[in-house]
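*Asks:* Protein chains in written order, with this note's numbering: chain C, 854 to 1146; chain A, 520 to 822.
Beta carbons: idealized from backbone N, C-alpha and C, even for Gly.
Bear in mind the structure is a predicted one, so any value in this text is a computation, not a measurement.
Here it is: the structure, laid out below.
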């Protein structure tokens, strides 16, 4: 059975068939997936009964894994999963749904905002791979927006205006937007803002994309309110229906996406029900711009 | 010449002709405009070269004028116009374009967020009337969204869920959203949150609307982040293209809208180099829709 990819929307996203990713992959399969990622930016694999070890092994075909440290407020003793598995569930370590006012739940609500994973790290993430172990049947979709198509659709004056802009990203900003400010000094220090170019160029395809994220709190050299109003306008432009794909989860779906070319978010669901999705993240390989001294 | 109202492309905006609103109006004309407002929610009048006094006189046909919050927070010697006029320009009191980092400019950037005027007052506002005295050559449109159509388009489960929700509104929430927190201590009382029902019912037509605004910072009884994520989703729903009309200004346009049935926002323009001089009168709300809290229940600061 050979790997095949069917494009899902007129703009991007592909559905992969003919591959069992619980097993070690051949070099040709890895190359085919990477080529698919460059082209479609998000790939969907159905019926992949992965455990955590298999998910990590599959993910390592595409680079080093990023540690989850620095990206959440969960204490080590409260973790459900190992440090290379981002716990995107609504569960505590006893596998019970988090209470309505649980800090971790409040923090995780930030995933309802459009973002790019780890844009708050100086070296931001390359791919994210999300495995649906237990899914909800209503809501809880993951929506993706193609930042290449969004960039292409900007007018020439805007492209010129934004070409060299540099933004500051931090979890403080996305969480502040939702009024979650209940943070310790250590957590605030962990969330120190980093700089990212607003326009990125893909290292393989050479295509430009908007590097947007709700983690953005300012643009270097701009007054903060002006920067935020502008970023909101850009994000609104970039998440119009024609640039988006909404993934309705089936159990054992594995969805992988290129954070350098997409934003994503989760939609609301009844989180008294269990939603257990687990993410591995392939680390990026460099800065997008020099950091502040 | 008799008044006529024709629907514009989006069904909730009417274009009014056959009336000179710089002159005193007859009772029939006032009634026709009010009926038009109830039907359409936004009315556009072209070629009305209003003075400030004429704009106030026209506006008073529909109720008492409110003093804008921005006006209350501006020193008298720095105001460009009477207290009953909201200065929606990019000019200072010497008629110079405000500097990029001018606090009044940064505060005014909150108008780029979807909102309803004065939802941060317990009584809200009825109509707003915006007169274009000078406009930029590009950008600076005002967009309107029909909150009745947005409510109607919700599914039954959502309608049931929101029916009795009460939101907390403060100017500090919308400004904090843009990172603006520069309020003088003397104005703290003015920015204390007030409560409004999320679903409002129009007193004349009986139609239900979503009463949304970027001034919302919380839902009573909900954790703050959950409330804000939910309100963002509702605003996104309510501002889909099929509910939105973008008004492209001409000099001497007067646009009036019902804050009880619409949201609106201004779009970006080159405000460092071009003048946009718009003046707003606002018809004060006449009652409260829900019991107010004795003290702020939601923290105001963001970040």
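What residues in the region 741 to 752 of chain A bring their beta carbon closer than 9 Å to a beta carbon of chain C?
*Replies:* Against chain C - using a Cβ distance shorter than 9 Å - the residues of the region 741 to 752 of chain A are 741, 742, 743, 744, 745, 746, 747, 748, 749, 751, 752.
*Asks:* Using a 10 Å radius around the Cβ and a threshold of 16 neighbouring Cβ atoms, would you call residue 693 (chain A) buried or exposed?
*Replies:* Here the question's residue 693 (chain A) lines up with position 174 in the second chain. Counting Cβ neighbours within 10 Å, residue 693 (chain A) comes out buried, since at least 16 surround it.
*Asks:* Check whether chain C comes within 8 Å of residue 625 (chain A), counting only Cβ atoms and requiring the distance to be less than that.
*Replies:* As a position in the second chain, residue 625 (chain A) is number 106, starting the count at 1. It does: the Cβ of residue 625 (chain A) has a partner Cβ on chain C nearer than 8 Å.
*Asks:* Starting from residue 1097 (chain C) and walking both ways along the beta strand (DSSP E), at which residues does that stretch end?
*Replies:* Locating residue 1097 (chain C) in the first chain gives position 244, where the first residue counts as 1. Counting along the chain, the beta strand (DSSP E) containing residue 1097 (chain C) begins and ends at 1097 to 1100.
*Asks:* What is the residue span of the beta strand (DSSP E) that residue 858 (chain C) lies within?
*Replies:* Within the first chain, residue 858 (chain C) is the residue found at index 5, counting from 1. It spans 857 to 860 - the beta strand (DSSP E) in which residue 858 (chain C) sits, taken as one unbroken run.
*Asks:* DSSP beta-bridge partners for residue 533 (chain A)?
*Replies:* Residue mapping note: residue 533 (chain A) aligns to position 14 of the second chain, counting from 1. Its beta-bridge partners are A:526, A:562.
*Asks:* Rounded to the nearest angstrom, what separates residue 653 (chain A) and residue 990 (chain C) at their Cα positions?
*Replies:* Indexing the second chain from 1 puts residue 653 (chain A) at position 134. Indexing the first chain from 1 puts residue 990 (chain C) at position 137. Taking the straight line from one Cα to the other gives about 53 Å.
*Asks:* Can you tell me where the beta strand (DSSP E) with residue 984 (chain C) in it begins and where it stops?
*Replies:* Counting from one through the first chain, the residue named residue 984 (chain C) turns up at place 131. 980 to 987 is the extent of the beta strand (DSSP E) around residue 984 (chain C).
*Asks:* Using the beta-carbon of each residue, which ones in chain A are nearer than 9 Å to residue 895 (chain C)?
*Replies:* Position 42 of the first chain, counting from 1, holds the residue named residue 895 (chain C). Within chain A, no residue comes near residue 895 (chain C); the closest Cβ sits about 21 Å away, beyond 9 Å.
*Asks:* Taking residue 696 (chain A) as the query, report the chain C residues whose CB atoms sit under 8 Å from its CB, ordered along the chain.
*Replies:* As a first step, residue 696 (chain A) is located in the second chain; it is residue number 177 there, counting from the start. Going along chain C in sequence order, the residues near residue 696 (chain A) (Cβ under 8 Å) are 1030, 1081.
*Asks:* Below 8 Å, can you find three or more Cβ-Cβ pairs linking the region 534 to 545 of chain A to the region 756 to 764 of chain A?
*Replies:* Touching, no.
*Asks:* Starting from residue 1061 (chain C), follow its DSSP beta bridges and name the residues at the other end.
*Replies:* If you number the first chain from 1, residue 1061 (chain C) lands on position 208. Looking at the DSSP assignment, residue 1061 (chain C) forms a beta bridge with C:1054.
*Asks:* With a threshold of 8 Å between beta-carbons, can residue 1070 (chain C) be considered close to chain A, or not?
*Replies:* By one-based count along the first chain, residue 1070 (chain C) stands at place 217. Cβ-Cβ to chain A under 8 Å: yes for residue 1070 (chain C).
*Asks:* Judging by CA-CA distance, which residue of C:864, C:899, C:1104, C:912 is the nearest neighbour of residue 887 (chain C)?
*Replies:* Walking along the first chain from the start, residue 887 (chain C) turns up at place 34. Minimum Cα distance to residue 887 (chain C) is reached at C:912.
*Asks:* Mind listing the chain A neighbours of residue 953 (chain C)? Cutoff is C-beta to C-beta under 9 Å, in chain order.
*Replies:* The residue given as residue 953 (chain C) occupies position 100 in the first chain. 741, 742, 745, listed in chain order.
*Asks:* I'd like the list of long-range same chain contacts for residue 632 (chain A), defined as Cβ closer than 8 Å, with 5 residues on each side in sequence excluded.
*Replies:* Locating residue 632 (chain A) in the second chain gives position 113, where the first residue counts as 1. Contacts found: 693, 696, 697, 733, 784.
*Asks:* Do residue 1136 (chain C) and residue 879 (chain C) have their C-beta atoms within less than 8 Å of each other?
*Replies:* As a position in the first chain, residue 1136 (chain C) is number 283, starting the count at 1. As a position in the first chain, residue 879 (chain C) is number 26, starting the count at 1. Going by C-beta atoms, residue 1136 (chain C) is not nearer than 8 Å to residue 879 (chain C).
*Asks:* Name, in chain order, the residues that DSSP records as bridge partners for residue 625 (chain A).
*Replies:* In the second chain, the residue the question calls residue 625 (chain A) occupies position 106. None, per the DSSP bridge assignment.
*Asks:* Of all the beta strand (DSSP E) runs that stay within the bounds of the region 768 to 792 of chain A, which reach a length of 3 or more residues?
*Replies:* Here the runs fully enclosed are 773 to 777, 781 to 785.
*Asks:* To the nearest angstrom, report how far apart residue 904 (chain C) and residue 812 (chain A) are at their CA atoms.
*Replies:* Locating residue 904 (chain C) in the first chain gives position 51, counting from the first residue. Locating residue 812 (chain A) in the second chain gives position 293, counting from the first residue. So the two alpha carbons sit approximately 51 Å from each other.
*Asks:* State the start and end residues of the unbroken alpha helix (DSSP H) segment that holds residue 678 (chain A).
*Replies:* For the purposes of this step, residue 678 (chain A) is taken as the residue at position 159 of the second chain. That run of the alpha helix (DSSP H) goes 675 to 681.
*Asks:* If you follow the beta strand (DSSP E) that residue 805 (chain A) is part of, which residue opens it and which one closes it?
*Replies:* Numbered from 1 along the second chain, position 286 holds the residue referred to as residue 805 (chain A). Taken as a continuous stretch (DSSP letters only), residue 805 (chain A) belongs to no beta strand (DSSP E), as it is neither H nor E.
*Asks:* Would you mind telling me which residues of chain A sit closer than 7 Å to residue 1086 (chain C), beta carbon to beta carbon, in chain order?
*Replies:* Within the first chain, the letter at position 233 stands for residue 1086 (chain C). Within 7 Å Cβ-Cβ: 787.
*Asks:* At a Cβ threshold of 8 Å, is residue 962 (chain C) touching chain A?
*Replies:* Start at 1 with the first residue of the first chain, and residue 962 (chain C) comes out as number 109. At least one chain A Cβ lies under 8 Å of residue 962 (chain C).
*Asks:* Spell out whether any CB of chain A is found under 8 Å from the CB atom of residue 1033 (chain C).
*Replies:* By 1-based counting over the first chain, the position of residue 1033 (chain C) is 180. Answer yes: the Cβ-Cβ gap between residue 1033 (chain C) and chain A drops below 8 Å somewhere.
*Asks:* Between residue 968 (chain C) and residue 1067 (chain C), what straight-line distance do the alpha-carbon atoms span, to the nearest angstrom?
*Replies:* In the first chain, counting from the first residue as 1, residue 968 (chain C) sits at position 115. In the first chain, counting from the first residue as 1, residue 1067 (chain C) sits at position 214. So the alpha carbons of these two residues sit roughly 5 Å apart.
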